[in-house]
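Data block below; observations after.
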Amino acid sequence: LSEQLGQLDSNVRELNATTEEAVMELNNQQRRTERELQNTTTELREQLDKLDTAITVLNATTRETVEELSDQQQRTQDELQTTTTELSEQLGQLDSDVRELNATTKEAVMELNNQQRRTERELQNTTTELREELDKLDTAITVLNATTKEAVEELSDQQQRTQDELQ
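So my numbering is basically just the index in the sequence shown, starting at one, shifted up by 3.
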């Protein structure tokens, strides 16, 4: 039972380390995605897709791991009913660690989802602003073309008058 408890404790530590690494990696991906927003909206969409996939995978992996730990924990609790108080206390601590890890992981995933939504809103806002700027530019070019055309026509008329006067 001690060996099983030790193995279960090791599994929890490994899950904690793996989850922290995954959360840190997802945070790094999020920061890179936000920097890429400044360069191009197309690249940002690709990064958001990758982040969404990573979050989906993390959710699925976490659920499977928590279910597996919960099943292991239940089997261990059934076997430990006849053991000492010390083993019961250790199992209670392990149960608390699993719950804390589950809560921490859920909070991290929710925060990453919120970051993704914020980034998508920023992308929409930036895209709207870019479209508005393009519309302004298009209007300015149209006005410039018309003004240039008028100026060329006026210069052409002046040149014609000048030639007529010279003749």
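Yeah, the Cβ is synthetic: ideal placement off N, Cα and C, and Gly gets one too. All values derive from a computational prediction rather than experimental measurement.
Inter-residue distance for E89 and G9 is about 13 Å (C-alpha atoms, whole angstroms). Excluding five sequence positions before and after T36, the CB atoms of its chain that fall closer than 7 Å to its own CB belong to L47, Q50, L51, L54, T122, given in chain order.
Leaving aside the five residues that flank A25 on each side, the residues in its chain whose CB is nearer than 7 Å to its CB run, in chain order, L61. By the CB criterion at 8 Å, T79 and L11 fall inside the cutoff. Using a Cβ distance threshold of 8 Å, V101 and Q84 do not count as a contacting pair. Measuring C-alpha to C-alpha distances from L72 to each of S91, L97, E157 identifies L97 as the nearest.
Unbroken alpha helix (DSSP H) runs of no fewer than 4 residues, entirely contained in the region 64 to 89, are not found. When T142, L140, N128, L29 are compared, the shortest CA-CA separation from M113 is found for L29. Burial check for I144: the Cβ neighbour count within 10 Å stays below 16, so the residue is exposed.
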